[in-house]
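Numbering (the numbering used here), first residue to last: 30 to 286.
For each residue, glycine too, the CB sits at the ideal point set by N, CA and C.
All of these numbers come straight from a predicted model, not from anything done at the bench.
In what follows, a structure is listed as structure tokens, so that the remarks can point back to it.
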Ligand code: NDP
């Protein structure tokens, strides 16, 4: 299905849970004998478990490199790229997935640390990672080649009450993505974005402040997307032949349509 992925080196941020974890599995399934995966997150113990589970499922041929990374820290991002083992250094695909959610605070009440953490991860982190891999891409012959896939959100297109910080952060990611794609027009660097609606992941624990009862109420009678649904679209986009840019994919469960 995705011949274009053979031999590629894929770096995923926020690979320790949810969509990032599923994306790691989905890439591994497409080309287990040649694809190389760099899994990053802050909770590195989880990444080791995921690497073990991937090898259990697809076999020992898949090459996995685990790196602890806080995307909001530009020094850590630079050190990660500079310090990758030789066989993983020439990154082809970045999945800019790491993301952080606030609760449903009304705008006047949002604490400073929430504003800082959401923007530092979702916006600054995305920009930090993109700048770092663009340098890697541009070292290649003929002006460079590579893919960046952003995790946007329906929240970046349509804000909801109680979502001012998260929605504005995803709108900023969308604007950054649009501008970057225009800057790189007519190059061999593809800038793509997958923008989901409701996906059932650990994200919702934060959103509902670990109030499971409240979360259950919101999801009662709904069939949200699974992280695997989103991962399939990410890997589909990355696997198209070089001249095909699956630029923006908006996807949501049918109850949100
Ligand atoms: P999860 O909470 O399951 O995963 C978030 C991931 O981001 C974790 O692996 C976490 O790892 C990582 N992360 C958070 N902060 C940082 C940081 N500062 N540096 C590095 N990694 C970090 O949520 P989802 O899988 O749902 O979210 C993934 C992406 O999808 C996000 O960008 C989110 O905005 C987007 N999205 C989610 C939707 C949903 O309904 N769930 C809908 C639309 C978009 P660790 O804590 O180990 O660092």
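Backbone CA spacing between residue i and residue j [nearest angstrom]
i	j	result
residue 283	residue 86	31 Å
residue 174	residue 132	38 Å
residue 180	residue 124	8 Å
residue 247	residue 167	45 Å
residue 220	residue 214	9 Å
residue 270	residue 242	45 Å
residue 272	residue 217	8 Å
residue 93	residue 63	11 Å
residue 229	residue 108	33 Å
Cβ of residue i within 8 Å of any chain B Cβ
i	result
residue 275	Here there is only one protein chain, and chain B is not present.
Beta-ladder partner(s) of residue i, from DSSP
i	result
residue 277	222
residue 125	179
residue 70	97
residue 229	Answer is none; residue 229 lacks a bridge partner.
residue 65	38, 92
Contact under 8 Å by Cβ, residue i with residue j
i	j	result
residue 113	residue 91	no
residue 205	residue 155	yes
residue 147	residue 198	yes
residue 126	residue 49	yes
residue 304	residue 136	The chain is shown only over 30 to 286; residue 304 falls outside these bounds and no answer can be derived.
residue 128	residue 43	yes
residue 120	residue 40	yes
residue 98	residue 60	no
Sequence-distant residues of its chain with Cβ nearer than 7 Å to residue i (five each side left out)
i	result
residue 95	68, 73, 76, 77, 80
residue 58	87
Cutoff 6 Å; reference residue i; Cβ partners in own chain excluding five residues on either side
i	result
residue 260	51, 52, 55
residue 200	185
Exercise. Kindly confirm or deny that the stretch 137-155 and the stretch 67-74 touch, where touching means at least three C-beta pairs closer than 8 Å.
Key: No, because fewer than three Cβ pairs between the stretch 137-155 and the stretch 67-74 fall closer than 8 Å, the two stretches do not touch.
Quiz item: Three or more C-beta pairs closer than 8 Å, one from the stretch 73-83 and one from the stretch 157-172: is that the case here?
Solution: no
Quiz item: Okay, do the stretch 209-216 and the stretch 260-273 touch, 3+ Cβ pairs below 8 Å being the bar?
Solution: no
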